[in-house]
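Data first, discussion second: the structure below is written as structure tokens.
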Amino acid sequence: MRSKAPLALMEQAVMVLVFALAAALCLRVFVWSDQTSRRGEARDRALVTAQSMAEIYKSCQGDVDEAIARMGGVTGAGGDWTLILDGEGETVDDFGGVLRAQILAPERSQDGRLWTTQVNVWALRNGEADGEPLCTLPIAYQGEAA
């Protein structure tokens, strides 16, 4: 009579292999889920920043100096307004930032009453913008005719 021990060992080895594969798949799904959640959180933070900048910019009627006095940031060439934020949403310099938001200089419509521009927000990696903007938000507001 032959022993059934080798067959039982083979069955247990196959079950351990199946369990290991299932555990590896679950771990991969958890990592993917975490990355997706972090990207979504970064996009949400970028959109809130863009909305805040747009509302302040519109309330200041496009006066960059007044907007900077209210929210911080710096003026760039051509009247751009740039704001660097850390992970807590506080204004910082380039070295500690995780988000860079920029409002471009506005353009005036033909009749001179409507101004349009946009807010772009990028994720920062080592002080540099990381590829495409996380969000782009158009802005339009009425101002005085020239």
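Residue numbers for the sequence shown follow my numbering, beginning at 55 and rising by one. We put the beta carbon where it would ideally sit given N, CA and C, even for glycine.
Legend entry - Where the alpha helix (DSSP H) containing A159 begins and where it ends: Locating residue 159 in the sequence shown gives position 105, counting from the first residue. Unbroken run through A159: none, as it is neither H nor E.
Inset, instruction - Tell me, to the nearest whole angstrom, how far the beta carbon of L137 is from that of M125; I am working on the premise that it is less than 8 Å. - result: To locate residue 137, count along the sequence shown from 1; it is residue 83. To locate residue 125, count along the sequence shown from 1; it is residue 71. Indeed they touch by this definition, with Cβ atoms about 7 Å apart.
Inset, instruction - Within the same chain, show all residues whose beta-carbon is closer than 7 Å to that of A183, passing over the 5 residues directly before and after it, in chain order. - result: Here residue 183 refers to the residue found at position 129 when the sequence shown is read from its first residue. Only R154, W176 meet the Cβ criterion.
Inset, instruction - Sort L188, E161, G185, I157 by Cα distance to Q196 and report the nearest one. - result: For the purposes of this step, residue 196 is taken as the residue at position 142 of the sequence shown. The shortest Cα separation from Q196 among L188, E161, G185, I157 belongs to E161.
Legend entry - DSSP state of Q66 mapped onto helix, strand, coil: Taking the first residue of the sequence shown as position 1, residue 66 is located at position 12. Looking at Q66 - three-state DSSP - the assignment turns out to be helix.
Legend entry - Where the alpha helix (DSSP H) containing A121 begins and where it ends: Indexing the sequence shown from 1 puts residue 121 at position 67. 118 to 125 is the span of the alpha helix (DSSP H), which, as asked, contains A121.
Inset, instruction - Using the DSSP secondary-structure output, state which residues sit across from L101 in a beta bridge. - result: For the purposes of this step, residue 101 is identified with residue 47 of the sequence shown, where counting begins at 1. DSSP output for L101 lists no bridge partner at all.
Inset, instruction - Could you say which of A104, E142, G141 lies nearest to L158 if we only look at CA atoms? - result: In the sequence shown, counting from the first residue as 1, residue 158 sits at position 104. That would be A104, whose Cα lies nearest to the Cα of L158.
Inset, instruction - List the whole-angstrom C-beta distance separating A194 from W169, where the pair is believed to meet the contact cut-off of C-beta under 8 Å. - result: If you number the sequence shown from 1, residue 194 lands on position 140. If you number the sequence shown from 1, residue 169 lands on position 115. Contact flag correct, Cβ pair sits at about 7 Å.
Legend entry - For V152 and G141, believed in contact at Cβ under 8 Å, the rounded distance: Locating residue 141 in the sequence shown gives position 87, counting from the first residue. Locating residue 152 in the sequence shown gives position 98, counting from the first residue. Sure, about 5 Å apart at Cβ, within 8 Å.
Inset, instruction - Could you tell me if R99 is buried or exposed, where buried requires 16 or more neighbouring beta carbons within 10 angstroms of its beta carbon? - result: Sequence index remark: in the sequence shown, residue 99 carries index 45 (1-based). Counting Cβ neighbours within 10 Å, R99 comes out buried, since at least 16 surround it.
Legend entry - Delimiting residues of the beta strand (DSSP E) encompassing A52: The structure shown does not extend to residue 52, since the chain is modelled only from 55 to 200, so the question has no answer here.
Legend entry - The beta strand (DSSP E) enclosing L191, as first and last residue numbers: The residue given as residue 191 occupies position 137 in the sequence shown. Start and end: 189 to 196.
Inset, instruction - Within 10 angstroms of the Cβ of N174, are there 16 or more other Cβ atoms? Answer buried if so, exposed if not. - result: The sequence position of residue 174 within the sequence shown is 120, counting from 1. Buried, because 16 or more other Cβ atoms sit within 10 Å of the Cβ of N174.
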